[in-house]
Amino acid sequence: MEFSVLLFNSMVELTADSLDLLFHALADGTRRSIIKRIASKSLSVSEIARPFRMSLAAVSKHLKVLERAGLIRREKQGTTYLMSLNAEALLSAEEWLAHYRQYWEGRLDALQNLLEKEQ
18 MEFSVLLFNS
28 MVELTADSLD
38 LLFHALADGT
48 RRSIIKRIAS
58 KSLSVSEIAR
68 PFRMSLAAVS
78 KHLKVLERAG
88 LIRREKQGTT
98 YLMSLNAEAL
108 LSAEEWLAHY
118 RQYWEGRLDA
128 LQNLLEKEQ
């Protein structure tokens, strides 16, 4: 019994840690822009960096945060690394948010009912 409780607590902590990494990565506008750029095709670090007014080192730091969160994949092609989106990583955030969707949908339904009564 004690072992299963410890195992469950470890799973909760791992999930919380991965969600923390994910939401931290998504909290930055530059990183969200990078995700948007690589959503449709793989890009090299220099291609990703091109529209941003920052050094390659700064872009690389953003990429490392995204990689740690599992949001991007790095693939070596010759001497170049290509970055691509790992959209599956967003599923855990979607699942977490889905739990709370019932609360805001309920409030929107209540607002709609109130507005219809006023008319």
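Each residue of the sequence shown is one higher than the last, beginning at 18 in the numbering used here. Quick reminder that beta carbons are idealized off the backbone N, C-alpha and C, glycines included. If you're wondering where the values come from, they're calculated on a predicted model, not measured in any experiment.
#1: Between Ser109 and Ser50, how many whole angstroms is the CB-CB distance? I'm expecting something under 8 Å.
#2: Taking only heavy atoms of the ligand ATP into account, decide whether any of them is closer than 6 Å to the Cβ of Ser57.
#3: Can you tell me whether Gln94 is helix, strand or coil according to DSSP?
#4: Do you know offhand how far Glu135's Cα is from Leu114's?
#5: Here's a check: name, in chain order, each residue in its chain whose Cβ is nearer than 8 Å to the Cβ of Ile65, leaving out the five neighbours to either side.
#6: State yes or no: is the C-beta of Ala127 within less than 7 Å of the C-beta of Leu83?
#7: Which word fits Arg124, buried or exposed, when buried means at least 16 other C-beta atoms lie within 10 angstroms of its C-beta?
#8: Look at the Cβ atom of Arg67, then the Cβ atom of Leu38, and state whether they are nearer than 7 Å.
#9: For a test of the three-state rule: what should DSSP assign to Ser50, helix, strand or coil?
The relevant details are as follows:
#1: Sequence index remark: in the sequence shown, residue 109 carries index 92 (1-based). Sequence index remark: in the sequence shown, residue 50 carries index 33 (1-based). With a Cβ gap of about 21 Å, Ser109 and Ser50 do not count as contacting.
#2: As far as ligands go, the structure on display features none, and thus does not contain the ligand ATP.
#3: By one-based count along the sequence shown, residue 94 stands at place 77. Here Gln94 sits in strand by DSSP.
#4: As a first step, residue 135 is located in the sequence shown; it is residue number 118 there, counting from the start. As a first step, residue 114 is located in the sequence shown; it is residue number 97 there, counting from the start. For Glu135 and Leu114, the distance between alpha carbons rounds to 32 Å.
#5: In the sequence shown, counting from the first residue as 1, residue 65 sits at position 48. Taken in chain order, the residues that qualify are Ile51, Arg54, Ile55, Val76, Leu80 and Met100.
#6: If you number the sequence shown from 1, residue 127 lands on position 110. If you number the sequence shown from 1, residue 83 lands on position 66. No, these two residues do not count as a Cβ contact at 7 Å.
#7: For the purposes of this step, residue 124 is taken as residue 107 along the sequence shown, with counting starting at 1. Arg124 is exposed by the Cβ-count criterion.
#8: What you label residue 67 is simply residue 50 of the sequence shown in a count that begins at 1. What you label residue 38 is simply residue 21 of the sequence shown in a count that begins at 1. Contact flag unset, no.
#9: Sequence index remark: in the sequence shown, residue 50 carries index 33 (1-based). It is helical.
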